[in-house]
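These notes are about the structure you will find just below.
In my numbering, the protein residues as written are 32 to 124.
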């Protein structure tokens with residue numbers, strides 16, 4: 032069972048979201064570390080998600096043609112709290 036962490040990029044439907052997962056891969060010839068992103072369609076029944084939220088997703092049985100993952104938990108970190116306060120215009124501590 033795969034567990035991945037990513038950022039919500041789009042909320043398509045009432046139960047579908049697109050989560051972008053980033054991974055670091057070395058270049059085959061030169062060895063420089065490159066960022067690669069993959070977008071997964073995710074099922075989120077009953078979860079309160081917004082664009083920009085950091086979430087953990089887990090692989091599950093096929094839910095539809097494209098959805099093979101569901102939201103496991105919504106991650107809360109200090110960085111995201113400061114960012115939301117900054118967007119509101121409040122002071123960050």
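Ideal placement from N, C-alpha and C gives every residue a C-beta, glycine not left out.
- Taking residue 88 as reference, the option from 46, 52, 95, 43 with the minimal CA-CA separation is 52.
- Counting along the chain, the unbroken beta strand (DSSP E) around residue 86 starts and ends at 85–90.
- Partner residues in the beta bridge of residue 37, as assigned by DSSP, are 86.
- DSSP places residue 74 within a strand segment (E or B) once states are collapsed to three.
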